[in-house]
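Here the structure comes first, spelled out in structure tokens, and everything after it is commentary.
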Amino acid sequence: MHSDIFKLCFHEIFCYNKASSADSGWIVAGWTKMSMGIALSEKPMLAGRLRRLDDGGLEIVLNDSGIRLVEPQIAISMEEFVSAKATCLLGEYWLFPIEITVGIALNKVTNFKCGAYSIEISCSLLIADPLSVASFLKRWTEIHINLVNESQTPKLPLSYLPNSGKSSSTFLCTPTRVTSKKNKGQTMIFKYANMNSTMDSEMKRSVVVSCIQKAMARLGNKATPNFSLLAKESSNVITKIDAIYVKQVRQMGLSKNLDAICGINTSWSDYIDVVIIFAEGNKPIDILCSIYSPADEGLAIIISSHLDMTVIVTVPNETK
Numbered sequence: 006m007h008s009d010i011f012k013l014c015f016h017e018i019f020c021y022n023k024a025s026s027a028d029s030g031w032i033v034a035g036w037t038k039m040s041m042g043i044a045l046s047e048k049p050m051l052a053g054r055l056r057r058l059d060d061g062g063l064e065i066v067l068n069d070s071g072i073r074l075v076e077p078q079i080a081i082s083m084e085e086f087v088s089a090k091a092t093c094l095l096g097e098y099w100l101f102p103i104e105i106t107v108g109i110a111l112n113k114v115t116n117f118k119c120g121a122y123s124i125e126i127s128c129s130l131l132i133a134d135p136l137s138v139a140s141f142l143k144r145w146t147e148i149h150i151n152l153v154n155e156s157q158t159p160k161l162p163l164s165y166l167p168n169s170g171k172s173s174s175t176f177l178c179t180p181t182r183v184t185s186k187k188n189k190g191q192t193m194i195f196k197y198a199n200m201n202s203t204m205d206s207e208m209k210r211s212v213v214v215s216c217i218q219k220a221m222a223r224l225g226n227k228a229t230p231n232f233s234l235l236a237k238e239s240s241n242v243i244t245k246i247d248a249i250y251v252k253q254v255r256q257m258g259l260s261k262n263l264d265a266i267c268g269i270n271t272s273w274s275d276y277i278d279v280v281i282i283f284a285e286g287n288k289p290i291d292i293l294c295s296i297y298s299p300a301d302e303g304l305a306i307i308i309s310s311h312l313d314m315t316v317i318v319t320v321p322n323e324t325k
């Protein structure tokens with residue numbers, strides 16, 4: 006297992022305009038800290054970390070470190086940030102690394118100069134796949150709404166820490182580009198219904214390689230990178246970490262005929278359908294999802310249930 010496998014992360018960002026004069030990311034961050042603590046009691050794995058064993062192996066320490074809360078203030082508007090998505094610059098702003106030996110998830114509440122704010126959840130893909138993160142977010146939303154609505158009158162959360170005494174014209178940070186060897190690629194999702202129980206491991210691997218070929222063709226990637234392969238069963242634990250090499254992808258069409266195996270192309274919105282509302286009536290104006298993998302390497306994830314199988318393929322952006 007190469008060290009870059011530990012850098013695989015899934016990021017989901019919810020973007021909000023300022024709903025009222027009383028609304029702010031600082032207040033939202035305080036409430037999310039409280040509601041997140043309750044939600045993690047039901048999902049202690051996300052509050053854990055990986056610990057190195059004496060024999061060189063790794064184990065998950067449950068509910069050990071919690072989820073780190075970061076509250077940056079950024080000197081651009083929400084409009085500028087959202088527009089970065091169209092120019093493939095999203096992710097070059099405000100990437101906080103996840104060190105899995107310290108904590109495997111991150112909650113980030115960013116305040117923009119226009120008064121808008123964003124809520125970001127980042128998680129190591131070795132611990133939780135995007136579908137299980139979506140399930141956790143749905144439960145967290147329920148807990149958060151109930152917590153905020155417990156009081157009949159508006160009040161500040163116990164963890165309210167408004168910008169540490171800085172004036173409104175002072176920003177703690179400015180946007181910077183990522184200099185680490187990390188890649189935000191393009192992702193395609195394939196779903197195979199009522200087929201998982203009839204596939205052995207070799208056939209699943211063949212299907213994954215076929216998905217990689219389709220993703221590369223449709224996303225216009227001419228180079229053929231190597232891919233890390235994560236296989237996850239219904240037990241919600243990554244059961245296998247493997248690799249798919251360039252040679253396998255190129256020779257796939259010569260060795261297997263998978264025309265009879267038809268997967269449905271889906272998108273993030275088909276899975277990430279959770280609309281998190283932190284302030285009453287204030288729905289997110291945009292929801293951004295991305296997978297980050299080591300530079301120049303792709304990622305394929307198999308998520309298997311009793312009958313269905315989902316394959317998520319992230320193809321790295323070609324370097325110019």
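Our numbering applies: residue 6 is where the sequence shown begins, and numbers increase by one.
Just so you know, even glycine gets a beta-carbon here, dropped at the ideal spot from N, CA and C.
None of these values were measured; they are calculated from a predicted model.
Next on the checklist: Beta-carbon within less than 8 angstroms of SER82's beta-carbon, same chain only, minus the 5 sequence neighbours each way: which residues are those?
Outcome noted: If we look at SER82 and ignore the five residues flanking it on each side, its Cβ neighbours are PHE117, LYS118, CYS119 and ALA121.
Next on the checklist: Distance check for VAL320 and ASN270, CA to CA, integer angstroms please.
Outcome noted: C-alpha separation (whole angstroms): 15 angstroms.
Next on the checklist: Pull the bridge partners of ARG54 from the DSSP assignment, please.
Outcome noted: VAL66
Next on the checklist: For MET314, count the other beta carbons within 10 Å of its own beta carbon; 16 or more makes it buried, fewer makes it exposed. Which is it?
Outcome noted: Result: buried.
Next on the checklist: Can you give me the C-alpha to C-alpha distance between LYS209 and LYS219, rounded to a whole angstrom?
Outcome noted: 15 angstroms
Next on the checklist: Output needed for TRP273: all residues of its chain with C-beta closer than 6 angstroms, excluding positions within five of it in sequence on either side, in chain order.
Outcome noted: Cβ within range, chain order: CYS294.
Checklist entry - Around the Cβ of SER25, are there at least 16 other Cβ atoms within 10 angstroms (buried) or fewer (exposed)? => result exposed
Next on the checklist: Using a Cβ distance threshold of 8 angstroms, determine whether the segment 123 to 132 contacts the segment 10 to 17, with at least three qualifying pairs required.
Outcome noted: The answer is yes - the segment 10 to 17 touches the segment 123 to 132, with three or more Cβ pairs under 8 angstroms.
Checklist entry - Taking just the CA atoms, how far does PRO289 sit from SER46? => result 26 angstroms
Item to check | Helix, strand or coil at ASP329 according to DSSP, with G and I counted as helix | outcome: A query on residue 329 cannot be resolved here, the shown segment of the chain reaching from 6 to 325 and no further.
Next on the checklist: Measuring alpha carbon to alpha carbon, tell me which residue in ALA222, ASN287 and ASP134 is nearest SER29.
Outcome noted: ASN287
Item to check | Cβ neighbour criterion (16 or more within 10 Å) applied to LEU312 | outcome: That one is exposed.
Next on the checklist: Whole angstroms are fine: how far does the CA of ASP291 sit from the CA of LEU67?
Outcome noted: 32 angstroms
Item to check | Beta-carbon contacts of GLY71 that lie in its chain and below 6 angstroms, excluding the five residues immediately before and after | outcome: ALA52
Checklist entry - Hey, how far is the Cα of LEU152 from the Cα of SER40? => result 7 angstroms
Next on the checklist: Quick check on DSSP: helix, strand or coil for LEU152?
Outcome noted: helix
Checklist entry - In the structure shown, what three-state DSSP assignment does MET208 receive? => result helix
Item to check | Classification of LEU58 by the beta-carbon crowding that lies within 10 angstroms, buried from 16 upward | outcome: exposed
Checklist entry - Helix, strand or coil for THR184 per DSSP? => result A caution first: THR184 carries a pLDDT of 40, below 50, which makes its placement in the model unreliable, though a value can still be read off. The answer is coil: DSSP assigns THR184 none of H, G, I, E or B.
Checklist entry - Helix, strand or coil: how does DSSP classify CYS20 here? => result Collapsing the DSSP output to three states places CYS20 in a strand.
Next on the checklist: Assuming the contact rule is C-beta atoms closer than 8 angstroms, PHE19 and HIS149 should be a hit. Round their C-beta distance to whole Å, please.
Outcome noted: Their Cβ separation, rounded to whole angstroms, is 12 angstroms, which puts PHE19 and HIS149 out of contact at 8 angstroms.
Checklist entry - On the premise that VAL87 lies in contact with ILE217, defined as a C-beta separation below 8 angstroms, what is that separation, rounded to the nearest angstrom? => result The pair is not a contact, with the Cβ atoms about 30 angstroms apart (cut-off 8 angstroms).
Item to check | Contact belief for TYR146 with ILE281 at Cβ below 8 angstroms, rounded distance in angstroms | outcome: Note that residue 146 is Thr in the sequence shown here, rather than Tyr. That belief holds up - the Cβ atoms of THR146 and ILE281 are roughly 5 angstroms apart, short of 8 angstroms.
Checklist entry - By DSSP, does ALA110 sit in helix, in strand, or in coil? => result strand
Checklist entry - Should ARG56 be labelled buried (16 or more other beta-carbon atoms within 10 Å of its own) or exposed? => result Classification of ARG56: exposed, given that the 10 Å Cβ count is below 16.
Next on the checklist: What does the Cβ neighbour count give for SER123, buried or exposed, with the cut at 16 atoms within 10 Å?
Outcome noted: The Cβ neighbour count for SER123, taken over all protein chains shown within 10 Å, is at least 16; the residue is labelled buried.
Checklist entry - What is the DSSP secondary structure of THR179, counted as helix, strand or coil? => result Its pLDDT being 45, under 50, THR179 is placed unreliably by the model, and the measurement read from it follows with that caveat. Reduced to three states, the DSSP call for THR179 is coil.
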